[in-house]
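Novice: First the structure, which I've put down as structure tokens, then a few questions once you've had a look.
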Amino acid sequence: EPEVTQTPSHQVTQMGQEVILRCVPISNHLYFYWYRQILGQKVEFLVSFYNNEISEKSEIFDDQFSVERPDGSNFTLKIRSTKLEDSAMYFCASSDRQIEYFGAGTRLSVL
Amino acid sequence: AQSVTQPDIHITVSEGASLELRCNYSYGATPYLFWYVQSPGQGLQLLLKYFSGDTLVQGIKGFEAEFKRSQSSFNLRKPSVHWSDAAEYFCAVGAPYGNKLVFGAGTILRVKS
Chain A
1118 EPEVTQTPSH QVTQMGQEVI LRCVPISNHL YFYWYRQILG QKVEFLVSFY NNEISEKSEI
1178 FDDQFSVERP DGSNFTLKIR STKLEDSAMY FCASSDRQIE YFGAGTRLSV L
Chain B
345 AQSVTQPDIH ITVSEGASLE LRCNYSYGAT PYLFWYVQSP GQGLQLLLKY FSGDTLVQGI
405 KGFEAEFKRS QSSFNLRKPS VHWSDAAEYF CAVGAPYGNK LVFGAGTILR VKS
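Chains A and B, in that order, are what the protein sequence lines are.
Note that our numbering gives residue 1147 to position 30 of the first sequence, counting from 1, and the numbers run on in steps of one.
Note that our numbering gives residue 395 to position 51 of the second sequence, counting from 1, and the numbers run on in steps of one.
What follows is the structure, encoded as structure tokens:
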């Protein structure tokens, strides 16, 4: 069964550093998403991406965040200057118009 | 505004007992409704979905859910819980064609033997 793949599974970084979280969506999907889950809190939407541009973003997704689909297979989330409060599990998802399929997540720890 | 409420943060049931996890939603249009399960250290796995039609939907692992429009609810049920069902369960509401999902806070299910 096709699946969404995320790397790395765990990323540790120093405050102020840039991180790139990587995702390989399911190959024939058209819609791509990033969500995050701070420990003990609900899963929150960050951004959706379609046709090589952002289709919707939340108020969390400020100027220090960016997304890119650099080639036909990868979908990345970049955090330019990490803050302690960016520590969370980040989930990538892709959709076939109706159902979102999630990756296993990247746990980001900002020290 | 779109929102999902899962009123139970934790639920403990005995193995073999029945289970019902509650979910209420607020959504402006006809909702697409989902239940996802998250085992420790794992991603979100889709259990079942409701788009339209029969209001009782079947999912994987023996789960089912019933959509009740009048109550804005989409409760998840299982007739006999197994120890492997211990996980966190998330109800979510959305729409097709790239619209985001809005998640509830989740319900942690513990199964006692």
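Every residue, glycine too, gets a C-beta built ideally from N, C-alpha and C.
All figures in this text were calculated on a predicted structure; none of them were measured in a lab.
Find out if the Cβ-Cβ distance for the pair G442/B, S1165/A is shorter than 8 Å.
Specialist: The residue given as residue 442/B occupies position 98 in the second sequence. The residue given as residue 1165/A occupies position 48 in the first sequence. For G442/B and S1165/A, yes; Cβs fall inside 8 Å.
Novice: Name the residues in the region 438-457 of chain B whose C-beta lies less than 9 Å from a C-beta of chain A; which are they?
Specialist: Correct list: G438, P440, Y441, G442, N443, K444, L445, V446, F447, G448, A449, G450.
Novice: For F1182/A, return the contacting residues in chain B, with the cut-off set at a CB-CB distance below 9 Å.
Specialist: Working through the first sequence from its first residue, we reach residue 1182/A at position 65. The contacting residues do not exist; F1182/A stays about 15 Å from chain B at best.
Novice: Would R1186/A count as contacting chain B if we go by Cβ distances under 8 Å?
Specialist: Locating residue 1186/A in the first sequence gives position 69, counting from the first residue. Not an interface residue.
Novice: Looking only at its own chain, which residues have a Cβ that is under 8 Å from the Cβ of S457/B, when we skip the five neighbours before and after it?
Specialist: On the second sequence, residue 457/B is found 113 positions in, with the first residue counted as 1. Excluding positions up to five away in sequence, the list reads S358, E359, W427.
Novice: Assuming A430/B and L453/B make a contact with CB atoms under 8 Å, what is their CB distance in whole Å?
Specialist: The residue given as residue 430/B occupies position 86 in the second sequence. The residue given as residue 453/B occupies position 109 in the second sequence. With 8 Å as the limit, A430/B and L453/B qualify as a contact, their Cβ atoms being about 6 Å apart.
Novice: What residues from chain A crowd round G387/B, counting only those whose CB sits closer than 7 Å?
Specialist: Position 43 of the second sequence, counting from 1, holds the residue named residue 387/B. Those are F1208, F1219, G1220, A1221, G1222, listed as they occur along chain A.
Novice: In chain A, what lies closer than 7 Å to F411/B by C-beta?
Specialist: Taking the first residue of the second sequence as position 1, residue 411/B is located at position 67. Per Cβ cutoff of 7 Å: no residues; F411/B is ~16 Å from chain A at best.
Novice: I1171/A and F1182/A look like a contact to me (Cβ under 8 Å); what is the Cβ gap, rounded to whole Å?
Specialist: Translated into the one-based positions of the first sequence, residue 1171/A becomes position 54. Translated into the one-based positions of the first sequence, residue 1182/A becomes position 65. I1171/A to F1182/A, Cβ: 10 Å. No contact.
Novice: Under 9 Å between beta-carbons, which chain B residues line up against F1162/A? List them in chain order, please.
Specialist: Against the first sequence, residue 1162/A aligns to sequence position 45. What F1162/A touches in chain B: K444, L445, V446, F447.
Novice: Whole angstroms are fine: how far does the CA of D1179/A sit from the CA of S1226/A?
Specialist: One-based indexing of the first sequence puts residue 1226/A at position 109. One-based indexing of the first sequence puts residue 1179/A at position 62. Between S1226/A and D1179/A, the C-alpha separation is close to 19 Å.
Novice: Mapping DSSP to helix, strand and coil, what is S428/B?
Specialist: Here residue 428/B refers to the residue found at position 84 when the second sequence is read from its first residue. In this structure, S428/B counts as helix in the three-state DSSP scheme.
Novice: Who are the Cβ neighbours of K422/B in its own chain at under 6 Å, not counting the five residues just before and after it?
Specialist: Sequence index remark: in the second sequence, residue 422/B carries index 78 (1-based). L363, G406, F407.
Novice: Can you tell me where the beta strand (DSSP E) with Y1150/A in it begins and where it stops?
Specialist: Here residue 1150/A refers to the residue found at position 33 of the first sequence. Note, Y1150/A: beta strand (DSSP E), 1148-1154.
Novice: Find the nearest neighbour of C1140/A within the set R1214/A, D1213/A, E1161/A, V1121/A, judged by alpha-carbon distance.
Specialist: In the first sequence, counting from the first residue as 1, residue 1140/A sits at position 23. For the residues R1214/A, D1213/A, E1161/A, V1121/A, the minimum Cα distance to C1140/A belongs to V1121/A.
Novice: Need the endpoints of the beta strand (DSSP E) that S417/B sits in, please.
Specialist: Taking the first residue of the second sequence as 1, we reach residue 417/B at position 73. 417-422 is the extent of the beta strand (DSSP E) around S417/B.
Novice: By the 7 Å beta-carbon criterion, what residues does the region 1129-1150 of chain A contribute toward chain B?
Specialist: Result list: Y1148, Y1150.
Novice: For E1202/A, name the three-state secondary structure that DSSP assigns.
Specialist: Here residue 1202/A refers to the residue found at position 85 when the first sequence is read from its first residue. Of the three classes helix, strand and coil, the one that applies to E1202/A here is helix, per DSSP.
Novice: My guess is that L391/B and V381/B are in contact by the Cβ rule of under 8 Å, so how many angstroms apart are they, rounded?
Specialist: For the purposes of this step, residue 391/B is identified with residue 47 of the second sequence, where counting begins at 1. For the purposes of this step, residue 381/B is identified with residue 37 of the second sequence, where counting begins at 1. The pair is a contact, with the Cβ atoms about 5 Å apart (cut-off 8 Å).
Novice: Starting from G387/B, follow its DSSP beta bridges and name the residues at the other end.
Specialist: Residue numbering aside, residue 387/B sits at position 43 when the second sequence is read from its first letter. Paired residues: none, contrary to the question.
Novice: Taking 8 Å as the CB-CB limit, is E1118/A close to chain B?
Specialist: Stepping through the first sequence from its first residue, residue 1118/A is reached at position 1. E1118/A does not count as touching chain B.
Novice: Does the distance from the CB of F411/B to the CB of C435/B come in under 8 Å?
Specialist: Stepping through the second sequence from its first residue, residue 411/B is reached at position 67. Stepping through the second sequence from its first residue, residue 435/B is reached at position 91. Cβ atoms of F411/B and C435/B: not closer than 8 Å.
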